[in-house]
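Novice: Under my numbering, residues 5 to 70 are what the sequence shown spells out, in order. Would you mind keeping the following structure in view while I ask a few things?
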Amino acid sequence: MELSVNGEKLQLPDGATIQALLDHYKLQSVRVAVELNRDIVAKKAYLNTSLKSGDTVEIVTFVGGG
């Protein structure tokens with residue numbers, strides 16, 4: 005399936021979840037926020053939220069600093 009992640013097209017297997025997407029990018033779920041089709045997804049739902057072809061995903065990573 006093809007979806008848009010942070011404005012770029014990405015191919016993932018059908019039925020992939022948000023957690024699988026984060027794993028693809030080697031991102032830890034505790035350091036990101038995920039928006040799926042303009043709705044924020046709760047971290048506890050990452051494993052069970054399936055993605056569909058045409059979905060738009062925005063991933064925001066948190067960076068510490070001072």
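Heads up, the beta-carbon is just placed ideally off N, CA and C, and yes, glycines get one too.
Applying the criterion that 16 or more other CB atoms from any shown protein chain within 10 Å of the CB defines a buried residue, is Val34 buried or exposed?
Specialist: Against the sequence shown, residue 34 aligns to sequence position 30. Val34 should be labelled exposed.
Novice: Straight-line CA distance for Ala24 to Val67?
Specialist: Residue 24 sits at position 20 when you count from the first residue of the sequence shown. Residue 67 sits at position 63 when you count from the first residue of the sequence shown. Each residue's Cα considered, the two are about 22 Å apart.
Novice: Contact check, Leu7 vs Leu16 under 8 Å by CB: the rounded distance?
Specialist: Position 3 of the sequence shown holds residue 7. Position 12 of the sequence shown holds residue 16. The distance from the Cβ of Leu7 to that of Leu16 is about 7 Å, consistent with a contact at the 8 Å cut-off.
Novice: Within the continuous beta strand (DSSP E) that includes Ala24, where are the two ends?
Specialist: Within the sequence shown, residue 24 is the residue found at index 20, counting from 1. Note, Ala24: premise wrong, no beta strand (DSSP E); alpha helix (DSSP H) at 22-28.
Novice: For Ile44, I'd like the list of residues in its chain whose CB is within less than 7 Å of its CB, leaving aside the five on either flank, ordered along the chain.
Specialist: On the sequence shown, residue 44 is found 40 positions in, with the first residue counted as 1. Answer for Ile44: Ala37, listed in chain order.
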